[in-house]
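Each residue of the sequence shown is one higher than the one before, starting from 0 at the first, in numbering that gives the first Met the number 0.
For each residue, glycine too, the CB sits at the ideal point set by N, CA and C.
Given the structure is predicted, the values throughout are model-derived calculations rather than measurements.
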Amino acid sequence: MNVTKLLKVYSIIPANLILRAKIENEIIYEETKNINIRAADEMIWSASKPYDLAFFIAFWVTPKDPAVEQILSIAKEKLPDRSLHGYQRGNPEDVMRQVEAIFYAVRDIGISYVSSTVDFGRIGFSQRVRLPRESVKQKAANCIDGAVLFASLFENIGLEPVIMLLPGHAIVGVKGAPGSGRAIFIETTLIGRPEFTFNDAVEAGGARFDACRGSKEVISIKKARKEGLYPLWSASSE
């Protein structure tokens with residue numbers, strides 16, 4: 000399988016899948032199936048039950064994307080010591096200062112929220128998800144694009160991001176300490192609205208979490224990495 004070619008698929012294309020089983024050099028089974036190869040940036044959220052494929056969103060979290068590095072270079076300038084160091088100082092307040100600097104750095108580059116209809120829990124539902132570099136280039140992000148972008152930024156500096164899916168919405172979270180069972184959630188759709196502060200975005204994210212305690216899916220990017228879901232960027236030739 001040529002991964003580089005697959006990553007350059009931008010629309011659905013028909014293909015033949017050949018299944019072949021051999022014992023030594025003898026073919027004992029062969030079958031050809033007609034399949035459709037979907038676009039590389041198309042995310043299918045559910046196959047047989049709600050959210051059962053949602054963990055694949057970790058592929059879009061790409062911490063080494065040059066666009067991510069660009070934003071982090073802006074964020075550093077907003078901190079007194081010009082340092083983004085993750086959990087190294089063991090202080091949740093220090094973590095929040097870094098997260099706040101990143102929030103305002105994303106705002107500085109001019110990304111704004113674009114609305115889109117989503118239904119993450121519906122069987123067979125799929126949608127295009129922008130990689131961070133695409134959100135930066137287009138200066139646009141819907142709720143899942145924004146969650147992916149912020150998760151990429153947080154993972155780059157050694158923080159532990161999570162993405163929470165709700166009926167019709169997605170928000171990003173970050174753990175205040177490594178391995179913590181608690182996370183601070185951020186409403187990224189407020190990023191392009193300067194009348195809302197970082198604290199407003201945190202308050203809105205927390206309210207979303209509290210309102211949907213029984214109807215949500217929380218995806219740990221750290222756990223996804225341990226299960227072998229690595230960034231799409233690492234396989235891309237672009």
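| Taking just the CA atoms, how far does residue 43 sit from residue 126? | 7 Å
| message | Taking only three categories from DSSP, how would you classify residue 25? | response | strand
| message | What would DSSP say about residue 154, mapped onto helix, strand or coil? | response | helix
| request: Compute the distance between the beta-carbons of residue 201 and residue 185, then report whether it is under 7 Å. | output: yes
| query | With DSSP run on the structure shown, which of helix, strand or coil describes residue 160? | reply | strand
| Anyone know if the C-beta pair for residue 160 and residue 173 falls short of 7 Å? | yes
| Alpha-carbon to alpha-carbon, residue 39 and residue 12 | 11 Å
| task | Could you name the residues of the same chain whose beta carbon sits closer than 6 Å to that of residue 31, not counting the 5 residues immediately before and after it, in chain order? | result | 15, 17
| query | Taking C-alpha atoms, which residue in 61, 108, 89 lies nearest to residue 179? | reply | 89
| query | With C-beta atoms as the reference, is residue 190 less than 7 Å away from residue 96? | reply | no
| Given a threshold of 16 other Cβ atoms within 10 Å of its Cβ, counted over all protein chains shown, does residue 215 qualify as buried or as exposed? | buried
| field | residue 184 - partner residues in DSSP beta bridges | value | 172
| query | Among 199, 163, 175, 156, which has the Cα closest to the Cα of residue 67? | reply | 156
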